[in-house]
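Single-structure report; data block below.
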Amino acid sequence: MTRLLGFAVFASIVAMAFPSVFERYRATLQTGEAEQLTPPAKVVEAALPAPASGRGLQLRAGADGHFRTEARFEGRIEPVLIDTGATYVAVNERTARRLGINVPPEAFTGVAQTANGPMPVALAKARRIAIGSVEVRDVDVMVAKGEALSTTLLGMSFLKRLKSFSASGNTLTLVP
Numbered sequence: 004m005t006r007l008l009g010f011a012v013f014a015s016i017v018a019m020a021f022p023s024v025f026e027r028y029r030a031t032l033q034t035g036e037a038e039q040l041t042p043p044a045k046v047v048e049a050a051l052p053a054p055a056s057g058r059g060l061q062l063r064a065g066a067d068g069h070f071r072t073e074a075r076f077e078g079r080i081e082p083v084l085i086d087t088g089a090t091y092v093a094v095n096e097r098t099a100r101r102l103g104i105n106v107p108p109e110a111f112t113g114v115a116q117t118a119n120g121p122m123p124v125a126l127a128k129a130r131r132i133a134i135g136s137v138e139v140r141d142v143d144v145m146v147a148k149g150e151a152l153s154t155t156l157l158g159m160s161f162l163k164r165l166k167s168f169s170a171s172g173n174t175l176t177l178v179p
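Using our numbering, the first residue of the sequence shown is number 4, and each one after it goes up by one.
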C-alpha cells in the first residue's frame with residue numbers, strides 16, 4: 004500500500020512537471036534559440052542569529068523566504084538552510100569529512116529518494132551542532148554519497164531536540 008501511494012505521488016508530480024517541459028521545448032523549436040539550462044548563481048547572505056526575548060534566538064528569513072544561517076559543527080562553521088521538511092540534518096560526503104563526521108564507504112547502505120532520483124546515503128552522528136547559543140548534542144546526520152547535495156540542511160533531527168521552534172512571519176524562533 005505504501006509503495007502504491009508513493010508511486011501515485013511520484014506520478015502526480017511527474018505529470019505536473021511535463022507540460023511545462025514540453026512547452027519550453029516547443030517554444031525553443033519555434034524560436035530557434037537554445038535554452039539556457041544553467042541558471043546564474045544566486046548570492047544569498049546568511050542571517051546572523053539574534054537573541055530572542057527570554058532564552059533562545061531568532062532568525063530572519065532571506066529575500067527568498069528561506070531561513071539560512073551559519074551553524075557550528077564541532078566548532079567548524081558551515082552555512083545551513085533550515086528545512087523542517089528534512090527528516091535529518093543532511094550533508095554531502097565532502098562536507099561531512101570537513102566537519103569531522105567520518106563515514107566509511109561501506110556505511111552507504113541507505114537510499115534517499117530526491118528530485119534528482121535515488122541517492123546512496125549513510126546515517127552518522129554529529130557530537131555537537133550549535134546556532135548561536137542554541138546547541139544540540141549527538142545529532143543524527145544523513146550523509147549523501149559524493150557531492151550530490153550542494154546545501155547543508157538543518158532538518159528535524161536537530162529541530163525536534165529543541166524545547167521549541169516556531170515561525171511567525173519572517174522570523175524563526177529557536178528555544179533550547
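Just so you know, even glycine gets a beta-carbon here, dropped at the ideal spot from N, CA and C.
Beta strand (DSSP E) segment containing residue i, residue limits
| i | result |
| --- | --- |
| T176 | 174-178 |
| F70 | No beta strand (DSSP E) contains F70, which DSSP labels as neither H nor E. |
| S171 | 167-171 |
Residue i, DSSP secondary structure in three states
| i | result |
| --- | --- |
| T98 | helix |
| K45 | The predicted position of K45 is uncertain, since its pLDDT is 44 and thus under 50; no value can be drawn from it. |
| S136 | coil |
| P107 | coil |
| T87 | coil |
| V77 | Rather than Val, the amino acid found at residue 77 in this sequence is Glu. Three-state DSSP puts E77 in coil, outside helix and strand. |
| A66 | coil |
| R58 | coil |
| Q39 | Since pLDDT at Q39 reaches only 45, below the 50 mark, its modelled position is unreliable, and the value read off the structure follows with that caveat. Three-state result, Q39: coil. |
According to DSSP, residues forming a beta bridge with residue i
| i | result |
| --- | --- |
| P121 | Q116 |
| L126 | M145 |
| A93 | M145, L156 |
Residue from the options whose Cα sits closest to the Cα of residue i
| i | options | result |
| --- | --- | --- |
| D164 | L152, M145, A133 | A small correction: the amino acid at residue 164 is Arg; Asp does not occupy that position in the sequence shown. Checking every option, the nearest Cα to that of R164 belongs to A133. |
| V120 | D141, V142, A151 | Contrary to the premise, residue 120 reads as Gly rather than Val in this sequence. It is A151 whose Cα lies nearest to the Cα of G120. |
| G68 | R75, I85, I80 | I85 |
| G105 | G65, G59, A74, D143 | One detail in the question is off: residue 105 reads as Asn in this sequence, not Gly. The shortest Cα separation from N105 among G65, G59, A74, D143 belongs to D143. |
| T155 | S136, T90, F111 | T90 |
| R79 | L102, E138, S167, M122 | L102 |
| D128 | S136, V178, V92, S153 | Reading the sequence as shown, one finds Lys at residue 128 and not Asp. Closest by alpha carbon: V92. |
Boundaries of the alpha helix (DSSP H) in which residue i is found, first to last residue
| i | result |
| --- | --- |
| F161 | 159-162 |
Exercise. Three or more C-beta pairs closer than 8 Å, one from the stretch 169-178 and one from the stretch 96-110: is that the case here?
Worked result: As far as the Cβ criterion goes, the stretch 169-178 does not touch the stretch 96-110, which means the pair count is below three.
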